[in-house]
Amino acid sequence: MGSTQKHCERFGCHVNTLIMSSVSGKTIYIMGTSRRLVTLLLYAFLLNGVGGTAYERLDGWYNNLAHPDWGTPGTRLLRKVPAVYSDGVYQPSGADWPNPRFISETALKGVSGLPSHKNRTVFWALFGQFVSLESIKASGAGCPRELTPVAIPKCDAQYDRGCTGTKKTPFLRAPYDKKSGHSPGSPREQMNGASAFIDGSVIYSNSKVWNNAMRTFVNGTMKSRDGDGLWPVLNTPSVPLANPPPAREH
Numbered sequence: 001m002g003s004t005q006k007h008c009e010r011f012g013c014h015v016n017t018l019i020m021s022s023v024s025g026k027t028i029y030i031m032g033t034s035r036r037l038v039t040l041l042l043y044a045f046l047l048n049g050v051g052g053t054a055y056e057r058l059d060g061w062y063n064n065l066a067h068p069d070w071g072t073p074g075t076r077l078l079r080k081v082p083a084v085y086s087d088g089v090y091q092p093s094g095a096d097w098p099n100p101r102f103i104s105e106t107a108l109k110g111v112s113g114l115p116s117h118k119n120r121t122v123f124w125a126l127f128g129q130f131v132s133l134e135s136i137k138a139s140g141a142g143c144p145r146e147l148t149p150v151a152i153p154k155c156d157a158q159y160d161r162g163c164t165g166t167k168k169t170p171f172l173r174a175p176y177d178k179k180s181g182h183s184p185g186s187p188r189e190q191m192n193g194a195s196a197f198i199d200g201s202v203i204y205s206n207s208k209v210w211n212n213a214m215r216t217f218v219n220g221t222m223k224s225r226d227g228d229g230l231w232p233v234l235n236t237p238s239v240p241l242a243n244p245p246p247a248r249e250h
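Residue numbering for the sequence shown is 1 to 250, as defined by full-length UniProt numbering.
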């Protein structure tokens with residue numbers, strides 16, 4: 001208390017305004033009349049208390065001491081451009097836009113086996129996909145689940161071989177913050193299920209429970225092989241990661 005009182009007097013607050021609270025077995029004194037001192041004390045407390053663990057957390061909490069929750073799973077994705085919902089709130093737009101399936105087929109159609117003019121392999125795209133999955137995950141289902149039908153072009157070689165012109169494919173809408181999407185002034189904002197840090201969480205998960213389910217707790221190894229020495233085919237622990245079984249197991 002003596003050192004805290006000296007700091008309080010130095011920054012111009014009154015000792016009788018001190019509020020004492022205990023968190024994780026440690027005591028922190030918060031001065032109601034000095035925002036600067038409160039900030040300094042919180043930084044010191046996090047460094048020596050909650051955030052002072054031997055290893056960083058899997059979910060990214062406390063990586064930014066000033067904003068401990070920044071970049072953590074379950075927070076909003078940042079929006080750099082205005083929303084363009086058809087109703088300005090949450091309804092999907094694009095009803096009068098070019099068909100996405102047609103765009104995909106047109107853009108990717110061509111002769112296979114052509115060399116890259118920039119001497120790049122397909123690994124270039126795979127690496128970019130890996131990095132994106134490290135920091136963005138909005139592919140899960142919201143609650144309640146929302147499916148938007150997307151029309152399939154007539155006579156599509158894969159989905160409409162009978163040329164009915166009536167085929168559709170479901171588009172699963174992403175989870176969103178339930179506090180948003182109620183008015184044009186507060187359009188729907190999607191949530192991020194991944195952390196903003198490139199730390200291998202797409203492989204090892206950002207959840208301690210899921211991570212523990214994949215660990216052997218022996219020499220830092222993972223449960224990566226089954227009894228016959230092969231890579232496991234099925235996700236028997238039911239860890240909710242993006243690892244569907246191979247086609248032969250469907």
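Positions of the beta carbon are idealized from the N, C-alpha and C atoms, including for glycine.
None of the values given here were measured: they were computed from a predicted structure.
- Using a C-beta cut-off of 8 Å, the segment 54-64 makes no contact with the segment 161-181, since fewer than three inter-stretch Cβ pairs fall below that distance.
- Taken through DSSP and simplified to helix, strand or coil, Ala194 comes out as coil.
- Non-local C-beta neighbours of Phe130 in its own chain, meaning closer than 8 Å and more than five positions away in sequence, comprise Val202, ordered along the chain.
- Between Pro73 and Asn212, the C-beta gap is not smaller than 8 Å, which leaves the two residues out of contact.
- In terms of Cα proximity to Glu134, the closest of Ala196, Asn235 and Ser238 is Ala196.
- With a cutoff of 8 Å on beta-carbon distance, Arg76 and Met191 are scored as near each other.
- The Cβ-Cβ distance between Pro153 and Lys168 does not fall below 8 Å.
- Contact between Ala83 and Pro170 fails: their C-beta atoms lie close to 22 Å from each other, not under 8 Å.
- Gly193 is positioned such that its CB atom lies no closer than 8 Å to that of Gly110.
- Counting every other CB atom within 10 Å of its CB across the protein chains shown gives Tyr55 a total below 16, marking it as exposed.
- Residue pairing of Pro149 in beta bridges, as defined by DSSP: Pro170.
- Rounded to the nearest angstrom, the gap between the Cα atoms of Pro115 and Pro92 is 39 Å.
- Arg173 and Arg145 have their C-alpha atoms spaced approximately 8 Å apart.
- Annotation for Lys223: Met214 and Thr216 place their beta carbon closer than 6 Å to its own, counting only its chain and skipping 5 residues before and after.
- Judged by DSSP secondary structure, Tyr204 falls within the alpha helix (DSSP H) whose first and last residues are Ser201 to Tyr204.
- Across the structure, Tyr159 and Ser86 are spaced so that their CA atoms are roughly 27 Å apart.
- When C-alpha distances from Gly200 are compared across Pro184, Gly181, Asp96 and Ser132, the shortest belongs to Ser132.
- Boundaries of the alpha helix (DSSP H) harbouring Leu108: Pro100 to Leu108, taken from the DSSP string.
- Per the DSSP secondary-structure output, Ser186 pairs in a beta bridge with Ser183.
- In this model, Glu189 and Pro68 are separated by some 21 Å (Cα to Cα).
- Taking the CA atoms as reference points, Arg101 sits about 48 Å from Asn219.
- Burial state of Lys137 is buried, judged by a 10 Å Cβ sphere holding 16 or more other Cβ atoms.
- Around the CB of Gly71, 16 or more other CB atoms lie within 10 Å, so the residue is classed as buried.
- 8 Å or more divides the Cβ of Asn119 from the Cβ of Ala151.
- Setting aside the 5 residues that flank it on each side, Cys155 is surrounded in the same chain by Cys163, each with a C-beta closer than 6 Å to its C-beta; the list follows chain order.
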